[in-house]
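Inspection log for the structure reproduced underneath, given as structure tokens.
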Amino acid sequence: MRKRDVEMEGERRSARTVNVGGVVIGGDAPISVQSMTNTRTDDVSSTLRQIREIHNAGGELVRVAVPDRGAVSALTRITADSPIPVVADVHYRYELALDALEQNIAKLRINPGNIGGIDRLMQIVARARENSIPLRIGVNAASLEKGIREKYGGATPEALVESALNHIRVLERMDYFDVVISLKASDVPTTYRAYRFMAGKVDYPFHLGITEAGPPQRGTIKSAVGIGALLMEGIGDTVRVSLTSDPVEEINAARLILQFAGRRRFGAELVACPTCGRCEIDVIKLAAEVENIIENVEKPIKVAVMGCIVNGPGEARDADLGVSGSARKGVIFRHGQIIRRVPGEQLIEAFREELQKLCAETGIGGEKNQRNGHNSGFQ
Ligand code: SF4
1204 MRKRDVEMEG
1214 ERRSARTVNV
1224 GGVVIGGDAP
1234 ISVQSMTNTR
1244 TDDVSSTLRQ
1254 IREIHNAGGE
1264 LVRVAVPDRG
1274 AVSALTRITA
1284 DSPIPVVADV
1294 HYRYELALDA
1304 LEQNIAKLRI
1314 NPGNIGGIDR
1324 LMQIVARARE
1334 NSIPLRIGVN
1344 AASLEKGIRE
1354 KYGGATPEAL
1364 VESALNHIRV
1374 LERMDYFDVV
1384 ISLKASDVPT
1394 TYRAYRFMAG
1404 KVDYPFHLGI
1414 TEAGPPQRGT
1424 IKSAVGIGAL
1434 LMEGIGDTVR
1444 VSLTSDPVEE
1454 INAARLILQF
1464 AGRRRFGAEL
1474 VACPTCGRCE
1484 IDVIKLAAEV
1494 ENIIENVEKP
1504 IKVAVMGCIV
1514 NGPGEARDAD
1524 LGVSGSARKG
1534 VIFRHGQIIR
1544 RVPGEQLIEA
1554 FREELQKLCA
1564 ETGIGGEKNQ
1574 RNGHNSGFQ
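Using this note's numbering, read the sequence shown as starting at 1204 and increasing by one per residue.
Here it is, written out as structure tokens:
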């Protein structure tokens, strides 16, 4: 079972709520974490396996691509066995969107700019309403309508917002308000400004993401800058980090961004010193070992790994538990005070014991966190 989280306090944009298969997006609901499978959707067993990996990593919603009839047919079995609500993603072929809306999906994501015109959009909205299924209007810089692109001289924030507003007006004229919005560009400032601009114009909840962010390191940093900045301004109701990597990595990155932006808290936090000329221990190795151990902790404690006994405990006095020392002599400390000295080779074992004690004292123990998965991300 994945670790529970603690919702953080802070000003949050007021958005209406949309219920996606039991996961509420918007309002005061926790900002949900989602990813997208990259298996062939018509390969039901592989897709379900990946959905379970996403779920075990902490994913609360999952999106699957629906590019053809085989994918539509697979949706019934996928939605029946998925442990989390399934969102269908349809581009270009409105007839697939109509059929997907009959397959027990929790939400449909479309980009109205590529779905074939207002008449077809209206048919999709009518079917969504018949079946009580919310829609995500996902405007994407790369597929912006030609007229709007020309009017603004490119995929500017204003252009993205105008495109989304035009689509939303169609939905509103049909008295349909069960909508989540995204305004994605691969460029961080454009995405950031588009969401901020939109935040002042509508009260629909926002799905945040930087599209095509790239391989894990670049993609995570890029997403953290854009999504993190918006989250800290109280903007954003669900997050998808788009990495060219395993979808499980997207979940891990999204959870960390939410945690570091102060919007949710998932288990223990690790701080580690950057090391300097006073360092007496292999902090990189020690931090990796400690990080591995605290993955099993669900309590929101702070743990520190510091490079020297002289300065480390004091520098990390706000940590609930810390380790430091040299190759020969290790110490465990709590809030800056050394509570135990052990031979260097016993440091990790001593840390594990003290962690258990701390968790027992506070009444909350560790919980196994399963993380598996393969494959690469999309959008
Ligand atoms: Fe340097 Fe020690 Fe501070 Fe680490 S804890 S940065 S080794 S002084």
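Where is the CB? At the ideal position from N, CA and C, for every residue including glycine. These figures come from a predicted structure and were not determined experimentally.
Coarse secondary structure for residue 1316, derived from DSSP in three states | Note: residue 1316 maps to helix in three-state DSSP.
For residue 1237, three-class secondary structure by DSSP = Strand.
Could you check which residue in 1395, 1380 and 1376 has the C-alpha nearest to that of residue 1364?
-> Among 1395, 1380 and 1376, the Cα nearest to that of residue 1364 is on 1395.
When a residue counts only if its C-beta is closer than 6 Å to some heavy atom of ligand 1, which residues count, in chain order?
-> Going along the chain, the residues that qualify are 1476, 1477, 1478, 1479, 1481, 1482, 1509, 1510, 1511, 1514, 1515 and 1518.
Residue span of the beta strand (DSSP E) that contains residue 1532, given as start and end = Its beta strand (DSSP E) spans residues 1532-1537.
To the nearest angstrom, how far is it from the Cα of residue 1259 to the Cα of residue 1481?
-> About 40 Å.
Can you tell me whether DSSP reads residue 1215 as helix, strand or coil?
-> Three-state result, residue 1215: coil.
CB residue 1267 to CB residue 1275, shorter than 8 Å?
-> Cβ atoms of residue 1267 and residue 1275: not closer than 8 Å.
Alpha-carbon to alpha-carbon, residue 1353 and residue 1468 | Spanning the two alpha carbons is a distance of roughly 43 Å.
Beta bridge counterpart(s) of residue 1527 as assigned by DSSP | Answer is 1534, bridged to residue 1527.
With DSSP collapsed to three states, give me the class of residue 1248.
-> Helix at residue 1248.
Alpha-carbon to alpha-carbon, residue 1402 and residue 1335 | Between the alpha carbons of residue 1335 and residue 1402 lies a distance of about 25 Å.
Looking at the unbroken alpha helix (DSSP H) that takes in residue 1422, where does it start and where does it end?
-> Where residue 1422 is concerned, the enclosing alpha helix (DSSP H) stretches over 1419-1435.
Helix, strand or coil: which one does DSSP assign to residue 1220?
-> The three-state reading of DSSP puts residue 1220 in coil, since its state is none of H, G, I, E or B.
Could you tell me which residues DSSP puts in a beta bridge with residue 1473?
-> Under DSSP, residue 1473 forms a beta bridge with 1506.
For residue 1380, the three-state DSSP class (helix, strand or coil) | Residue state for residue 1380 is assigned as coil, using DSSP reduced to three classes.
The beta strand (DSSP E) with residue 1226 in it runs from where to where?
-> For residue 1226, the enclosing beta strand (DSSP E) covers residues 1226-1228.
Secondary structure at residue 1370, three-state DSSP: helix, strand or coil?
-> Of the three classes helix, strand and coil, the one that applies to residue 1370 here is helix, per DSSP.
As assigned by DSSP and simplified to three states, the class of residue 1488 | In the structure shown, residue 1488 adopts helical secondary structure according to DSSP, grouped into three states.
Buried or exposed (CB count within 10 angstroms, at least 16 for buried), residue 1193 | Since the first and last residues shown for the chain are 1204 and 1582, residue 1193 lies out of range.
Go ahead and pull the three-state DSSP assignment for residue 1410.
-> In this structure, residue 1410 counts as strand in the three-state DSSP scheme.
Applying the criterion that 16 or more other CB atoms from any shown protein chain within 10 Å of the CB defines a buried residue, is residue 1297 buried or exposed?
-> Under a 10 Å Cβ-count criterion, residue 1297 is classified as buried, with 16 or more other Cβ atoms of the shown protein chains found around its own Cβ.
Segment contact, 8 Å Cβ cut-off, at least three pairs: the region 1415-1429 with the region 1215-1229 = With the cut-off at 8 Å, the region 1415-1429 and the region 1215-1229 do not touch.
Pick helix, strand or coil for residue 1441, following the three-state DSSP scheme.
-> It is a strand residue.
Output the distance between the C-alpha atoms of residue 1384 and residue 1323, rounded to the nearest integer angstrom.
-> Cα to Cα, residue 1384 sits roughly 19 Å from residue 1323.
Are residue 1450 and residue 1253 touching if we call contact CB-CB under 8 Å?
-> Contact: yes.
Inter-residue CB distance, residue 1444 and residue 1478 (contact presumed, cutoff 8 Å) | That pair is no contact at about 29 Å.
Residue 1526 versus residue 1256 - alpha carbon distance = Taking the straight line joining both Cα atoms gives about 32 Å.
Secondary structure at residue 1276, three-state DSSP: helix, strand or coil?
-> Secondary structure of residue 1276 (DSSP, three-state): helix.
Three-state class that DSSP yields for residue 1405 in the structure shown | Three-state result, residue 1405: coil.
Skipping 5 residues on each side, what residues in its chain have a beta carbon closer than 6 Å to that of residue 1472?
-> For residue 1472, where only same-chain residues beyond five positions count, the Cβ hits under 6 Å are 1505.
Per DSSP, residue 1456 forms a beta bridge with which residues?
-> Residue 1456 is not bridged to any residue.
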